[in-house]
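Going letter by letter, the sequence shown gives residues 49 to 440 in our numbering.
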Amino acid sequence: MFEQTFETSATPHITVGECLGNLVVRGSERRRVTFHVQGGAEDATSEQEGETFTLTARADCLIACPPETTLTIDGVRGNLRVEGVTGPVTVGTVHGNVKLRDVGATAVEQTFGNLSARQVAGELRAEITRGNARAGHLEGSLSLKRVDGNLVTAGLEGGLAADQVRGNVQLGPPFSPGQTYRLNSSANLDIRVPREASLRLAIQARGGVSSRIPGLVLEKTEAEAQAVLGAGEANLEAQVSGNVTLRPTELSGRPPGGMPFEFATNLEGLGARIEARIAEEMAEMETRLAENLSHVEDDETRHWTERAGERERRAAEAAARQARRQAEQEAERARLRAERAERRWRRASGRHARPRRAPVTEEERMRVLHMVEEGRITPEQAAELLDALEGQ
């Protein structure tokens, strides 16, 4: 492992130009910047100009820096994890997952995996999220331009603007007075509403809107369902292609059954990790099984190939014998039919039977049968040929 340490102030600026592996950035109370790169010195390049640091890593990388660092990450080929960095965070393109914990205002341009954010001291903006998105305990607003998977949120104190979510949406409290929570989903929407919420609802749903909140009256028209809880100080506007369900939850953010909303959200991620681990283990088992069976399969293949060849040879011989018997039978039947026909004709005409020619020799008969075996003539043609040879 290559390691390099620089002394700095409490507010350095770090730019990661590119990381070809996984990248972890952690805030540290020490006023220094430390680069850890999995590999040798040739796998990392670093530059320092005053309080500005630039790093490029061709392997997995860990960066420790002061909490108030301004962090800019241009691209990560693997996964990205940032925690304890309360300065501004700017992220370009991440090909894996993005996980943010205890960070400052953050902007993410694009992630091809999942986006997970918790304890954000400011606004969180994400342009394109190809996987699922989860966000909880944001002091600022959550702005999502596009999410191709599902969206789960709770604790959005600064409002929500989700322009395009292709999966399901689960939205939890609080709904802060004066804030707007606006979203567009191509699937279903599940809203957890506290008993003492002050919320105004305006929902357009093709699949319909249903409420399980006692005392809530939905005013439905062809285009929209509206309702007001309390003084209606927060606004929730939703356009949904699927169904919308309103469920009660305690003010503390606990859904029915007493499970914290955040804990329920984390369980979804835990299930996904368990499924991924099981899939990896199954893939390894299948690989080992294939390797162990390869030698057996080779032996079995040779064995069955030899047996298949023997079966084919025997089948060909049986087919030839059958064709020979069939040709002989057809020839004999044809000869008898010809003799009967000739006798009837001579009796009817009053002519004497002419002397018969010598019968077909065994050599001539075998030549005809070989022609049948070679497929040059059919058994019926063989019978006619034998008749001709006998002068019938």
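For every residue, glycine included, the Cβ atom is placed at its ideal position computed from N, Cα and C.
Nothing here was measured: the structure is a model prediction, and the numbers come from that model.
Under 9 Å between C-beta atoms of residue i and residue j
{"i": "Ile-121", "j": "Val-139", "result": "yes"}
{"i": "Val-217", "j": "Thr-297", "result": "no"}
{"i": "Thr-141", "j": "Asn-162", "result": "no"}
{"i": "Arg-166", "j": "Gly-184", "result": "yes"}
{"i": "Cys-459", "j": "Cys-67", "result": "No answer is possible for residue 459: the residues shown for the chain start at 49 and end at 440."}
{"i": "Leu-284", "j": "Phe-223", "result": "yes"}
{"i": "Val-200", "j": "Val-257", "result": "no"}
{"i": "Gly-203", "j": "Gln-227", "result": "no"}
{"i": "Ala-273", "j": "Arg-248", "result": "no"}
{"i": "Thr-102", "j": "Gln-96", "result": "yes"}
{"i": "Glu-175", "j": "Val-156", "result": "yes"}
{"i": "Ser-259", "j": "Leu-208", "result": "no"}
{"i": "Val-72", "j": "Val-64", "result": "no"}
{"i": "Leu-192", "j": "Leu-219", "result": "no"}
{"i": "Pro-60", "j": "Val-81", "result": "yes"}
{"i": "Gly-197", "j": "Arg-214", "result": "yes"}
{"i": "Thr-154", "j": "Gly-170", "result": "yes"}
{"i": "Thr-134", "j": "Ile-62", "result": "no"}
Identified DSSP bridge partners for residue i
{"i": "Ser-233", "result": "Val-213, Val-288"}
{"i": "Leu-128", "result": "Leu-71, Val-146"}
{"i": "Phe-223", "result": "Per DSSP, none; premise fails for Phe-223."}
{"i": "Ser-76", "result": "According to DSSP, which records beta bridges pairwise, Ser-76 is partnered with nothing at all."}
{"i": "Leu-443", "result": "No answer is possible for residue 443: it lies beyond the span of the chain, which begins at 49 and ends at 440."}
{"i": "Gln-52", "result": "Phe-83"}
{"i": "Gly-65", "result": "Partner(s): none; Gly-65 has no beta bridge."}
{"i": "Leu-208", "result": "Leu-190, Tyr-229"}
{"i": "Val-137", "result": "Leu-119, Thr-154"}
{"i": "Ala-112", "result": "Arg-74, Thr-82"}
{"i": "Ile-239", "result": "Leu-219, Leu-294"}
{"i": "Thr-102", "result": "Thr-63, Glu-95"}
Nearest residue (CA-CA) to residue i, options the options
{"i": "Leu-128", "options": "Phe-101, Thr-118, Phe-160", "result": "Phe-160"}
{"i": "Ser-289", "options": "Arg-260, Ala-275, Pro-262, Leu-231", "result": "Leu-231"}
{"i": "Phe-50", "options": "Glu-281, Phe-83, Leu-208", "result": "Phe-83"}
{"i": "Gly-278", "options": "Ala-245, Arg-295, Ile-251, Asn-291", "result": "Ala-245"}
{"i": "Asp-91", "options": "Ala-209, Thr-117, Arg-106", "result": "Arg-106"}
{"i": "Gln-287", "options": "Gly-280, Ser-233, Val-257", "result": "Ser-233"}
{"i": "Gly-75", "options": "Leu-103, Glu-411, Glu-116, Thr-56", "result": "Glu-116"}
{"i": "Pro-136", "options": "Val-168, Arg-243, Val-72", "result": "Val-168"}
{"i": "Ser-57", "options": "Val-64, Gly-98, Gly-88", "result": "Gly-98"}
{"i": "Val-124", "options": "Asn-70, Ala-271, Gly-88, Thr-100", "result": "Asn-70"}
{"i": "Gly-132", "options": "Glu-77, Glu-157, Gly-87", "result": "Glu-77"}
{"i": "Ala-453", "options": "Thr-154, Pro-60, Asn-145, Glu-171", "result": "Here the chain comprises residues numbered 49 to 440, so residue 453 is not present and cannot be evaluated."}
{"i": "Lys-268", "options": "Ala-253, Gly-280, Ala-282", "result": "Ala-253"}
{"i": "Glu-365", "options": "Arg-413, Val-130, His-418", "result": "His-418"}
{"i": "Arg-373", "options": "Val-416, Pro-221, Arg-362", "result": "Val-416"}
{"i": "Gly-255", "options": "Ala-235, Pro-262, Ile-261, Ile-239", "result": "Ala-235"}
{"i": "Arg-369", "options": "Gly-87, Glu-422, Glu-411", "result": "Glu-422"}
{"i": "Gln-441", "options": "Arg-424, Val-195, Arg-243", "result": "Nothing can be reported for residue 441, as the shown portion of the chain is limited to 49 through 440."}
Simplified DSSP state of residue i, which is helix, strand or coil
{"i": "Asp-91", "result": "helix"}
{"i": "Leu-266", "result": "coil"}
{"i": "Gly-319", "result": "At Gly-319, the pLDDT of 46 sits below 50, so the modelled position is not reliable; the number obtained from the coordinates is stated separately. Helix."}
{"i": "Val-416", "result": "helix"}
{"i": "Pro-296", "result": "strand"}
{"i": "Ala-58", "result": "coil"}
{"i": "Ala-107", "result": "coil"}
{"i": "Glu-365", "result": "helix"}
{"i": "Thr-97", "result": "Here residue 97 turns out to be Glu, not Thr, going by the sequence shown. Of the three classes helix, strand and coil, the one that applies to Glu-97 here is strand, per DSSP."}
{"i": "Arg-424", "result": "coil"}
{"i": "Arg-373", "result": "helix"}
{"i": "Glu-432", "result": "helix"}
CB contact check: residue i to chain B, cutoff 9 Å
{"i": "Arg-173", "result": "The chain inventory of the structure shown lacks chain B, comprising one protein chain alone."}
Minimum length 3: unbroken beta strand (DSSP E) runs contained in the region 146-205: 146-159, 163-177, 181-186, 190-195, 199-204
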